[in-house]
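Everything below concerns the one structure shown next.
Residue numbers (my numbering), protein chains in the order written: chain P, 1 to 378; chain G, 1001 to 1600.
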């Protein structure tokens, strides 16, 4: 049943604790910080339960959340040490952690870099105070700028900042403020997400009652294209639907997901994939802790993809990337999913997709409509 | 049996005025059904019917009642369908009676159906016994209601019996009054057989069960009978009475009511209202009043999933076994694919059939806007009948179009009169009567085109009167009218299923309303969608659904991949329920949208 891919793996570690839940958040998150100690302990034990032979090398480690910066610097360093003792990093391993701007201090950064963290992603989201309030963030624009300055002074660290489009009250003008803030901060990498309304969260509730407080789809599409334009001019390559990087600064861990290379996973609600397998851990913190206490893997489900599903996933994820997919896979997709073939032709005719040197990739306008295309693959 | 001791009667009432409860009490008091059985029936009517193989609520029940004179009388209680759509069937059931019990709710008073039913009974020369029901309720106003019966229906009601079907109070007196006041049937035992077929249904074991009222002569097993309208002949296998269980009898004589099984395989071989006579010595004249029940409301019916077409056909065939009055024929729509054009006796009839198809047969259906049958005179002098807008000839080939008209009766509280008149005027109505029939109670009569009523008139009437208005109608023939075909085009392609025939004066408003509604329900898609309403080549309204610009899942990492696939599956499910017009995905609501277009 298992068909692990050869070579080094990625490892995702989910650290679910947050000081409060953001208004747009749909992740597995807990505000019960008294459980942090027990949870970190449980991760240590799950490490031994991983379906990964000891000694398997890691190419990337990603500490995501939640808010990893809420875990004490010492504990985080200890966890990372334990991981790398069991699964040595390849030379040049990428070790990322997520952080909130309000948590960053020179001391914490010192602990982290000493422990081997060399990439930091901070959830700035916006450089406009009103927008930060609207989405329930705890920091303001000044705090965000301060955190960026701090990061810019750590030469061993590559860093990312997140921005969000579609915030209530956001306008083309206010976007310029955030873009200027981001360019001034000059991170290596910028992720630009669009607020999504298909899962329940506090903002979805507001959206249902007052959709007019949100920028409309056309406005958001305009914002997205403006981001593409401005960041492109500043030298950031738009290498994936939501991601921009200076040359060579792409997120290697995340590229593993889009290239469908193995990523194993630790922690509550964490998802892993290896070869034709996908699996997820239990989403309930209590359930997760109990499984670990009982010495069991905390699996919620595991599934094996059929060749047809692998093909579909390959196209869906490949077309998220600026590099796109090769003509051969697109044709194979069209053979298995005729509607996909037809719609891709339509995308090509309308410059939503481009074919160049044997590869097919979506344009920013095409990315904006990508679900129309990807829906033909399920 | 001497016909002197037979009483044939129906109970007629507005809906919810207590007709069935009164019938139940009568069955109980006459000992036809025990109290225990009655309770079981209340619990689960359908199951009991199946289990015992009888129809407790038989459409005709033969009962015995000992009157104060000490004689035992045979009472035949004949059920009538409770809705205006079936007024022909009602009138045939009434034709089988000599009398009718007119039940009026003491808390509600006279309603439109009370009136319509009373008129039908009068047309059939029945003796009418007004009965005021629900007098046990604190809000009962029997005196006021009696006054209404006199004023609105025109029946003397001073002597009206006051009953409570619920408690049984006054029901004995009613049975005595039935014996005393309703005349016995008159008929000639020696004359050739003439029996009125007033109801029929399909029984899967024994074929068609015919309910008959013998007028002249008698009918027995092993006779060969003939239906006078069709000439079809059958051999009688069994005759009998429902008491309410089916009890075979030697014969049914003049004035008697009962059932006939004659090996009839299909319901549409029989016609309600037909006269049954003997094949060997037929009567010369049929009983009066026979008409063929013709559908008056037409609508397209399409499976949402075209793979269900055969299932839909089978379901329609099955339903027709039990309802000969609805018709269907195969129809094709560019947008909706293969389906059927169905004809119904009225709106309720349409709703019943559609609900049964969805509920009993589990079919997902799209219904097109209901319409009526137009009489078109062409420039070449031919007359053609059109019940499907797509069959309407080009305007240049039409000399004139006539549409079916109705006389509508509305009874309402006086505070709703304004909005009701406005509604009727909007629907091209012609006021014929407007009259106070009691304090706060107004009788309104309008002549209206049936087409204006089939769409959503009844819903609107209920809403503008906050549920107080009652409504009934009668078809009164055809009138010429300035009608045009309104087409709806999506990206230049006419959507045949959305075409309607409307009055020229309303075409603009209606076109605009439909276009607006469609714009709201057609989701943005990869291409711009232009929606137009046109008469002939002239576009009278236009709207654009702008091309979709954004449908993207921005964030997509480990667990998001699984979530994203689920989201895409949901999107795809949604699309599956859409119909393609050219390359435009049109949701089903679009086809429903034209059914409920708010008036502008």
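Ideal Cβ placement from N, Cα and C applies to all residues, glycine included.
Note that the structure is predicted; figures quoted are calculated from it, not measured.
What is the DSSP secondary structure of residue i, counted as helix, strand or coil?
i, result
"residue 316 of chain P", "helix"
"residue 1594 of chain G", "helix"
"residue 1099 of chain G", "strand"
"residue 310 of chain P", "helix"
"residue 1373 of chain G", "coil"
"residue 197 of chain P", "coil"
"residue 1389 of chain G", "helix"
"residue 149 of chain P", "helix"
"residue 1587 of chain G", "strand"
"residue 22 of chain P", "coil"
"residue 1050 of chain G", "Low confidence applies to residue 1050 of chain G: its pLDDT is 41, below 50, so where it sits in the model is not reliable enough to give any reading."
"residue 1224 of chain G", "strand"
"residue 154 of chain P", "coil"
"residue 272 of chain P", "strand"
"residue 345 of chain P", "helix"
"residue 1310 of chain G", "helix"
"residue 373 of chain P", "helix"
Determine the contact status of residue i and residue j, defining contact as a CB-CB distance below 9 Å.
i, j, result
"residue 1571 of chain G", "residue 1578 of chain G", "no"
"residue 1554 of chain G", "residue 165 of chain P", "yes"
"residue 28 of chain P", "residue 287 of chain P", "no"
"residue 333 of chain P", "residue 311 of chain P", "yes"
"residue 1295 of chain G", "residue 1326 of chain G", "yes"
"residue 95 of chain P", "residue 63 of chain P", "yes"
"residue 1344 of chain G", "residue 1299 of chain G", "yes"
"residue 1428 of chain G", "residue 1452 of chain G", "yes"
"residue 52 of chain P", "residue 264 of chain P", "yes"
"residue 1562 of chain G", "residue 271 of chain P", "yes"
"residue 1106 of chain G", "residue 1134 of chain G", "yes"
"residue 1475 of chain G", "residue 1469 of chain G", "no"
"residue 1220 of chain G", "residue 1271 of chain G", "no"
Would a check of beta-carbon distances place residue i closer than 9 Å to chain P?
i, result
"residue 1581 of chain G", "no"
"residue 1521 of chain G", "no"
"residue 1025 of chain G", "no"
"residue 1554 of chain G", "yes"
"residue 1018 of chain G", "no"
"residue 1348 of chain G", "no"
"residue 1525 of chain G", "yes"
"residue 1551 of chain G", "yes"
"residue 1528 of chain G", "no"
"residue 1046 of chain G", "Any reading at residue 1046 of chain G must be qualified, since the residue scores a pLDDT of 45, below 50, and its modelled position is unreliable; no value is offered."
"residue 1042 of chain G", "Bear in mind that the predicted position of residue 1042 of chain G carries a pLDDT of just 43, short of 50, making it too unreliable to give a figure here."
"residue 1565 of chain G", "yes"
"residue 1423 of chain G", "no"
If you follow the beta strand (DSSP E) that residue i is part of, which residue opens it and which one closes it?
i, result
"residue 281 of chain P", "277-281"
"residue 1406 of chain G", "1398-1413"
"residue 1004 of chain G", "It is not in any beta strand (DSSP E) - residue 1004 of chain G carries neither H nor E in the DSSP assignment."
"residue 1538 of chain G", "1538-1545"
"residue 1449 of chain G", "1441-1449"
"residue 1607 of chain G", "With chain G covering 1001 to 1600 only, the question about residue 1607 of chain G has no answer from this structure."
"residue 122 of chain P", "119-125"
Spell out whether any CB of chain G is found under 9 Å from the CB atom of residue i.
i, result
"residue 220 of chain P", "yes"
"residue 272 of chain P", "yes"
"residue 371 of chain P", "yes"
"residue 257 of chain P", "yes"
"residue 199 of chain P", "yes"
Who are the neighbours of residue i on chain A, taking C-beta pairs under 7 Å?
i, result
"residue 1572 of chain G", "Judged by its chain identifiers, the structure shown contains no chain A, and its protein chains are P and G."
Just curious, the alpha helix (DSSP H) that residue i is in, first and last residue?
i, result
"residue 1360 of chain G", "1347-1361"
"residue 1571 of chain G", "1558-1576"
"residue 1249 of chain G", "No alpha helix (DSSP H) contains residue 1249 of chain G, which is instead part of the beta strand (DSSP E) from 1246-1249."
> Taking the runs of the beta strand (DSSP E) that are 3 residues or longer, which of them lie wholly in the segment 76-116 of chain P?
Replying inline: DSSP runs (the beta strand (DSSP E)) wholly in the segment 76-116 of chain P: 89-99.
>> What ranges does the beta strand (DSSP E) occupy inside the segment 1142-1215 of chain G, keeping only unbroken runs of at least 3 residues that lie completely in it?
In response: Secondary structure within the segment 1142-1215 of chain G: the beta strand (DSSP E) runs of 3 or more consecutive residues, fully enclosed, are 1194-1203 (chain order).
> What are the start and end residues of each continuous beta strand (DSSP E) run of 3 or more residues lying completely inside the segment 1102-1145 of chain G, in chain order?
Replying inline: Runs of the beta strand (DSSP E) inside the segment 1102-1145 of chain G: 1127-1133.
>> Restricting to runs no shorter than 3 residues, where is the beta strand (DSSP E) found entirely within the segment 1504-1536 of chain G?
In response: If one requires a minimum length of 3 residues, the beta strand (DSSP E) runs lying completely within the segment 1504-1536 of chain G are 1529-1535, in chain order.
> Fully enclosed by the segment 29-81 of chain P, which beta strand (DSSP E) runs are 3 residues long or longer?
Replying inline: The beta strand (DSSP E) runs lying completely inside the segment 29-81 of chain P and spanning 3 residues or more are 58-65, given in chain order.
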